[in-house]
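A short worksheet on the structure shown next.
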Amino acid sequence: MSEKGKEIISNIAYFALVIFISLMIVRYVGQRTEVIGTSMVPTLEDGDQLITDKISYRFREPERFDIIVFPYEPADAFYIKRIIGMPGETIRIEDGKIYVNGEVLKESYGYGYTEAIDLEGKDLVLGEDEYFVLGDNREVSMDSRYEDVGKIHRKQLLGRAFLRIYPFNKFGLLKHQ
1 MSEKGKEIIS NIAYFALVIF ISLMIVRYVG QRTEVIGTSM VPTLEDGDQL
51 ITDKISYRFR EPERFDIIVF PYEPADAFYI KRIIGMPGET IRIEDGKIYV
101 NGEVLKESYG YGYTEAIDLE GKDLVLGEDE YFVLGDNREV SMDSRYEDVG
151 KIHRKQLLGR AFLRIYPFNK FGLLKHQ
């Protein structure tokens, strides 16, 4: 084989390797996620570009107040919400307050009045692999308060949104606690 032929094969192999590694990173390590809508205002805004960490939950459990990404099947979309309730906890929303195991949740993220929606007058008990999630903008967020979304199972978690990459003037790690 000529030198030119070897060089062409070498270049093809190099590009195939780069494409393979890129696909593995997107599939198993992280991916870009775009915020669509205002359900996470004021933390995240429509059009923000994030990097979702898809690997850390393989080594540790999700934590309260993590901003997570999960698929919402009926809309063929991904939702971005904040974990409020953890496995085994009881959640109740009453008079605009969120109760976790009977105690008022102390948080600084909720924006607007937290209406109970489909949970009015009910205690929601989370199973051993279930999470209760809310958008930060409580008045417009489609989240675990709605039966259509409901409890999020551990296996549904795509990953944790951890870095805003756009807009550039807001570049940085996302506040989770």
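No gaps in the numbering here: position 164 of the sequence shown is 164 in this note's numbering, and each next residue is one more.
Where a beta carbon is used, it is the ideal one built from N, C-alpha and C, also for glycine.
Please read these numbers as outputs of a predicted model, since none were measured by experiment.
So what does DSSP say about A116, is it helix, strand or coil? As a first step, residue 116 is located in the sequence shown; it is residue number 116 there, counting from the start. Three-state DSSP puts A116 in coil, outside helix and strand.
What does DSSP give as the partner residues of A75 in its beta bridges? Here residue 75 refers to the residue found at position 75 when the sequence shown is read from its first residue. Looking at the DSSP assignment, A75 forms no beta bridge with any residue, so it has no partner.
Tell me which residue opens and which closes the beta strand (DSSP E) that L163 is part of. In the sequence shown, residue 163 corresponds to position 163, counting from 1. Per DSSP, L163 is one residue of the beta strand (DSSP E) stretching across 159-166.
Quick check on DSSP: helix, strand or coil for V18? The sequence position of residue 18 within the sequence shown is 18, counting from 1. In the three-state DSSP reduction, V18 falls in the helix class (H, G or I).
Span of the beta strand (DSSP E), counted from its first residue to its last, around E130: Along the sequence shown, one-based indexing puts residue 130 at 130. In the DSSP annotation of this structure, the continuous segment of the beta strand (DSSP E) that includes E130 starts and ends at 130-134.
Would you call the CB atoms of R82 and D136 closer than 8 angstroms? Position 82 of the sequence shown holds residue 82. Position 136 of the sequence shown holds residue 136. A contact, by the Cβ cut-off of 8 angstroms.
Going by beta-carbon coordinates alone, are R92 and D123 separated by less than 8 angstroms? For the purposes of this step, residue 92 is taken as residue 92 along the sequence shown, with counting starting at 1. For the purposes of this step, residue 123 is taken as residue 123 along the sequence shown, with counting starting at 1. A distance below 8 angstroms separates the beta carbons of R92 and D123.
Could you give the C-beta distance for R138 and I68, rounded to a whole number, given that I count them as a contact under 8 angstroms? Sequence index remark: in the sequence shown, residue 138 carries index 138 (1-based). Sequence index remark: in the sequence shown, residue 68 carries index 68 (1-based). About 17 angstroms separates the two Cβ atoms, so there is no contact after all.
Is the beta carbon of L163 closer than 8 angstroms to that of G21? Start at 1 with the first residue of the sequence shown, and residue 21 comes out as number 21. Start at 1 with the first residue of the sequence shown, and residue 163 comes out as number 163. Rather than Gly, the amino acid found at residue 21 in this sequence is Ile. No. Outside cutoff.
In this structure, does DSSP put Y111 in helix, strand or coil? The sequence position of residue 111 within the sequence shown is 111, counting from 1. Strand, per DSSP.
N137, DSSP secondary structure in three states: The residue labelled residue 137 in the question sits at position 137 within the sequence shown. Here DSSP, grouped into helix, strand and coil, assigns N137 to strand.
Distance, Y113 Cα to Q31 Cα: On the sequence shown, residue 31 is found 31 positions in, with the first residue counted as 1. On the sequence shown, residue 113 is found 113 positions in, with the first residue counted as 1. Roughly 32 angstroms separates the two Cα atoms.
Hey, how far is the Cα of P167 from the Cα of P42? Along the sequence shown, read from residue 1 onward, the residue named residue 167 stands at position 167. Along the sequence shown, read from residue 1 onward, the residue named residue 42 stands at position 42. Spanning the two alpha carbons is a distance of roughly 14 angstroms.
Give me whichever residues DSSP pairs with E81 in a beta bridge. The sequence position of residue 81 within the sequence shown is 81, counting from 1. What sits at residue 81 in the sequence shown is Lys, not Glu. Answer by DSSP bridge pairing, in chain order: I68.
If I152 and V133 are in contact, beta carbons under 8 angstroms, what's the gap, nearest whole angstrom? For the purposes of this step, residue 152 is taken as residue 152 along the sequence shown, with counting starting at 1. For the purposes of this step, residue 133 is taken as residue 133 along the sequence shown, with counting starting at 1. The C-beta distance from I152 to V133 rounds to 5 angstroms, short enough to fall under 8 angstroms.
How long is the line joining the alpha carbons of L174 and E45, rounded to whole angstroms? Within the sequence shown, residue 174 is the residue found at index 174, counting from 1. Within the sequence shown, residue 45 is the residue found at index 45, counting from 1. In this model, L174 and E45 are separated by some 12 angstroms (Cα to Cα).
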